[in-house]
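Chains as they are written, first to last, in the working numbering: chain A, 2 to 113; chain B, 526 to 638. Built from N, CA and C at the ideal position, the CB exists for glycine as well.
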Amino acid sequence: DAKTTQPTSMDCAEGRAANLPCNHSTISGNEYVYWYRQIHSQGPQYIIHGLKNNETNEMASLIITEDRKSSTLILPHATLRDTAVYYCIVRVASSGNTPLVFGKGTRLSVIA
Amino acid sequence: ETGVTQTPRHLVMGMTNKKSLKCEQHLGHNAMYWYKQSAKKPLELMFVYNFKEQTENNSVPSRFSPECPNSSHLFLHLHTLQPEDSALYLCASTRTGGNTEAFFGQGTRLTVV
Numbered sequence: 002d003a004k005t006t007q008p009t010s011m012d013c014a015e016g017r018a019a020n021l022p023c024n025h026s027t028i029s030g031n032e033y034v035y036w037y038r039q040i041h042s043q044g045p046q047y048i049i050h051g052l053k054n055n056e057t058n059e060m061a062s063l064i065i066t067e068d069r070k071s072s073t074l075i076l077p078h079a080t081l082r083d084t085a086v087y088y089c090i091v092r093v094a095s096s097g098n099t100p101l102v103f104g105k106g107t108r109l110s111v112i113a
Numbered sequence: 526e527t528g529v530t531q532t533p534r535h536l537v538m539g540m541t542n543k544k545s546l547k548c549e550q551h552l553g554h555n556a557m558y559w560y561k562q563s564a565k566k567p568l569e570l571m572f573v574y575n576f577k578e579q580t581e582n583n584s585v586p587s588r589f590s591p592e593c594p595n596s597s598h599l600f601l602h603l604h605t606l607q608p609e610d611s612a613l614y615l616c617a618s619t620r621t622g623g624n625t626e627a628f629f630g631q632g633t634r635l636t637v638v
């Protein structure tokens, strides 16, 4: 079962920042927060991940609260091509391999 | 282009047919996965392979039979499927160990008639 809670859907105006929240109140100390997105009928695409510090890359920023019980993915300037389902996943990093477990995600609609 | 290639992209098969889905990656990854995504449902993990060995079978019916001949190739053999097996089948790969991102193929859209 997914260990995260996300809103079912959100809208965002094109050119504005999209802020996607995620609750993971039962996260363990060795679990990372990952974000993926899935554009219609394609395979999921990795966006970003983090443990406790805020992270930024060319696609997005990830803000993790100090208690690590929630996080926010920020797309700074949303475009129509950012319309997708966004998945927040917690996953332990280990010497073995822990598969990604997907929940229902947030359907983000970017509107012109 | 993610480096993970799935073929075919679309497949229509009858309930008595036997077909196979193929996944290939040349990213140097040692772990490969099959996921199923039915209409309006989350991705469901089916199988996990690490270094060619199956390490997880998520209670998948035996009409789905995976095969991993080497770390770069993964197959899903299908036989006597049901219409409810119609779905998008996705393959993914990762490096083994540590904190790694998964790369997904574009999927095979399967329709069972």
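Using a Cβ-Cβ cut-off of 9 Å, glutamate 609/B does not count as an interface residue toward chain A, since no Cβ of chain A sits closer than that to its own. Residues are counted here when their Cβ sits less than 7 Å from a Cβ of chain A; for the stretch 582-598 of chain B the count is zero. With its beta carbon less than 9 Å from one in chain A, threonine 527/B belongs to the interface.
Between asparagine 20/A and glutamine 7/A, the C-beta spacing is not below 9 Å. With contacts defined by Cβ atoms closer than 9 Å, valine 637/B and leucine 606/B form a contacting pair. If you draw a straight line from the Cα of glutamate 59/A to the Cα of lysine 566/B, it is about 29 Å long. Rounded to whole angstroms, the separation of the alpha carbons of phenylalanine 600/B and arginine 17/A is 43 Å.
Cβ neighbours of proline 22/A within its own chain (closer than 6 Å, five residues either side excluded): Thr73. Not one beta carbon of chain A lies nearer than 9 Å to the beta carbon of glycine 553/B. Exclusion of the five residues before and after lysine 547/B leaves Thr532 and Phe600 as the residues of its chain whose Cβ lies within less than 6 Å of its Cβ. Under the DSSP assignment, leucine 81/A falls outside any beta strand (DSSP E); it carries neither an H nor an E label. Here aspartate 68/A carries a coil assignment [DSSP, helix/strand/coil]. Going by C-alpha positions, arginine 92/A is about 30 Å away from leucine 603/B.
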